[in-house]
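**Q**
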Amino acid sequence: RVLDQIQVGRQQVLVFVHARNATVRTGLQLLEYARNRGDLEHFLWKDKEDDEPKQRLQYQDACKHVSHSKNIQLRDLFPNGIGIHHAGMLRQDRNMVEKYFSKGFIKVLICTATLAWGVNLPAHAVVIKGTELYDSKKGSFVYLSILDVLQIFG
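Residues 1 to 154, numbered by full-length UniProt numbering, are exactly what the sequence shown covers, in order.
1. Express the C-alpha separation of K138 and P79 in angstroms, rounding to a whole number.
2. Going straight from the alpha carbon of K64 to that of M96, what length do you get?
3. Once the 5 residues before and after T124 are set aside, which same chain residues still bring their CB inside 8 Å of it?
4. Do three or more CB pairs link the segment 97-105 to the segment 55-64 at distances below 8 Å?
5. Output yes or no for whether 8 Å exceeds the beta carbon distance between I84 and L90.
6. From G27 to E98, what does the alpha carbon distance come to, in whole angstroms?
7. Excluding five sequence neighbours on each side, which residues of the same chain lie with their C-beta closer than 8 Å to the C-beta of K70?
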């Protein structure tokens, strides 16, 4: 579904997962899937003919900033148009991801629901990967609440 969305009009997509480690795992799976299908170019940022030259410089600057991140997975995924966002990341990395998604440099942002509660990042499509999450207090899986789903969809 994610690939379908970005192939049509090169739109941005938010993918919500339910665990921090699932952001990286999903990002790497998506990257591998796109590579195997030969569809990686749909994820990459491309300047359009009507873009200002300033935007290309901003993209180059973004690549430079991300390359200095301590988050190895973010450094690996960003040049391929994929970003990750979760509460376990450094604040500066989360801010950087939010900024570069809003500028269109990240086509697919894989994040936990904490993003939905604190940040407004408009996207063409939202995907929720799974409707159950583990509740440590109950010691079992529970369904995502309607309130959480509504918050995720904005």
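Note that beta-carbon positions come from the ideal geometry of N, C-alpha and C, so glycine has one too.
Owing to the predicted nature of the structure, the values given are computational and were not obtained by experimental measurement.
**A** Result, derived from the coordinates:
1. Each residue's alpha carbon lies about 40 Å from the other.
2. Their backbone Cα atoms lie some 12 Å apart in a straight line.
3. Just to set this straight, residue 124 is His in the shown sequence, not Thr. Only residues of its own chain outside the window of five on either side were considered, and among them Q5, G9, Q11, Q12, V13 have a CB closer than 8 Å to the CB of H124, listed in chain order.
4. Yes, the segment 97-105 is in contact with the segment 55-64.
5. No, they are not a contact pair.
6. Roughly 16 Å between the two C-alpha positions.
7. Excluding sequence neighbours, K70 sits near L90, D93.
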